[in-house]
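Colleague:
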Amino acid sequence: MFYQGERLALFIDGSNLYAAAKSLGFDIDYKLLRQEFMRRGKLLRAFYYTALLENDEYSPIRPLVDWLHYNGFSMVTKPAKEYTDSQGRRKVKGNMDIELTVNAMELAPHVDHIVIFSGDGDFRPLVESLQRQGVRVSVVSTIRSQPPMIADELRRQCDNFIELQELRDVIGRPPREPREEDTRAMAETE
12 MFYQGERLAL
22 FIDGSNLYAA
32 AKSLGFDIDY
42 KLLRQEFMRR
52 GKLLRAFYYT
62 ALLENDEYSP
72 IRPLVDWLHY
82 NGFSMVTKPA
92 KEYTDSQGRR
102 KVKGNMDIEL
112 TVNAMELAPH
122 VDHIVIFSGD
132 GDFRPLVESL
142 QRQGVRVSVV
152 STIRSQPPMI
162 ADELRRQCDN
172 FIELQELRDV
182 IGRPPREPRE
192 EDTRAMAETE
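Numbering (our numbering), first residue to last: 12 to 201.
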């Protein structure tokens, strides 16, 4: 439930939203996403969080990051950390939970409603704290994928759960055929 004139802020966990939309078989059109939430209230900020592979010659997410930056999104990025696991496999770690949490806590006194695009259960204490400050919290994710992309405790804590599949016709576009290196890089930063 959104109220006209409500001051809104969006907090998008990039890799989590990418994975949820991919599991439902569509891509997010971020211009339409921003327009949809501008229609729902007074959108003050739209944050997008992602880790970037800095050592690659070409990062497939870089054009998206640049486009978002030039089109009204506040970009929060950091270099992804590369490491080798105990089986000798190359892994990439790029968790943005702390950055998202700090920004949400800082903005809380200035907004009425925060929308978090993530199903990560680690955000449950953040949602609870925001609610204690009088901020309404909606979470966008999906229960329609196998397995569901939202943690049950996060879904129970938020004021409003928005099923991503139900936004498909409003903010979605058919997935493009990804190049192999695009798929690999996005999966590595999840």
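Glycine is no exception: its CB is placed at the ideal position from the N, C-alpha and C atoms.
Please work out which residues of its chain come closer than 6 Å, Cβ to Cβ, to Lys-92, disregarding the five sequence neighbours upstream and downstream, and give them in chain order.
Modeller: Position 81 of the sequence shown, counted from the start, is the residue given in the question as residue 92. Correct list, in chain order: Lys-104.
Colleague: Determine whether the beta carbon atoms of Ser-156 and Ser-34 lie at a separation below 7 Å.
Modeller: Position 145 of the sequence shown, counting from 1, holds the residue named residue 156. Position 23 of the sequence shown, counting from 1, holds the residue named residue 34. For Ser-156 and Ser-34, yes; Cβs fall inside 7 Å.
Colleague: Since Val-122 and Arg-18 should fall inside the 8 Å C-beta cutoff, what is the C-beta to C-beta distance between them, to a whole number of angstroms?
Modeller: Stepping through the sequence shown from its first residue, residue 122 is reached at position 111. Stepping through the sequence shown from its first residue, residue 18 is reached at position 7. Right, their Cβ atoms sit about 5 Å apart.
Colleague: Roughly how many whole angstroms lie between the Cα atoms of Val-148 and Leu-175?
Modeller: Mapped onto the sequence shown, residue 148 falls at position 137. Mapped onto the sequence shown, residue 175 falls at position 164. So the alpha carbons of these two residues sit roughly 16 Å apart.
Colleague: For Trp-78 and Arg-100, I'd like the C-alpha separation in whole angstroms.
Modeller: The sequence position of residue 78 within the sequence shown is 67, counting from 1. The sequence position of residue 100 within the sequence shown is 89, counting from 1. For Trp-78 and Arg-100, the distance between alpha carbons rounds to 32 Å.
Colleague: Please report the Cβ distance between Gly-16 and Gly-52, rounded to the nearest whole angstrom; I am assuming they are in contact, meaning their Cβ atoms lie under 8 Å.
Modeller: Counting from one through the sequence shown, the residue named residue 16 turns up at place 5. Counting from one through the sequence shown, the residue named residue 52 turns up at place 41. Between Gly-52 and Gly-16 the Cβ distance is about 7 Å, and since that is below 8 Å, they are a contact.
Colleague: Starting from the N-terminal side, write out each stretch of the beta strand (DSSP E) that is 3 residues or longer and does not extend beyond the region 56–83.
Modeller: Listed in chain order, there is nothing to give.
Colleague: For Gly-36, is the classification buried or exposed, using 16 other Cβ atoms within 10 angstroms of its Cβ as the cut-off for buried?
Modeller: Along the sequence shown, one-based indexing puts residue 36 at 25. It counts as exposed.
Colleague: Quick one: Cα of Pro-71 to Cα of Ala-30, how far?
Modeller: Here residue 71 corresponds to residue number 60 of the sequence shown, with the count starting at 1. Here residue 30 corresponds to residue number 19 of the sequence shown, with the count starting at 1. If I take the Cα positions, the gap works out to 15 Å.
Colleague: For His-80, is the classification buried or exposed, using 16 other Cβ atoms within 10 angstroms of its Cβ as the cut-off for buried?
Modeller: For the purposes of this step, residue 80 is taken as the residue at position 69 of the sequence shown. So His-80 ends up on the exposed side.
Colleague: Please confirm whether Gly-183 and Ala-162 have their CB atoms less than 7 Å apart.
Modeller: Residue numbering aside, residue 183 sits at position 172 when the sequence shown is read from its first letter. Residue numbering aside, residue 162 sits at position 151 when the sequence shown is read from its first letter. For Gly-183 and Ala-162, no; Cβs fall outside 7 Å.
Colleague: Leaving out five residues before and five after Asp-40 in sequence, what residues of the same chain have Cβ atoms less than 7 Å from its Cβ?
Modeller: Within the sequence shown, residue 40 is the residue found at index 29, counting from 1. Answer for Asp-40: Ile-182, Gly-183, Arg-184, listed in chain order.
Colleague: Quick one: what does DSSP say Ile-154 is sitting in, helix, strand or coil?
Modeller: The residue given as residue 154 occupies position 143 in the sequence shown. Looking at Ile-154 - three-state DSSP - the assignment turns out to be coil, as it is neither helix nor strand.
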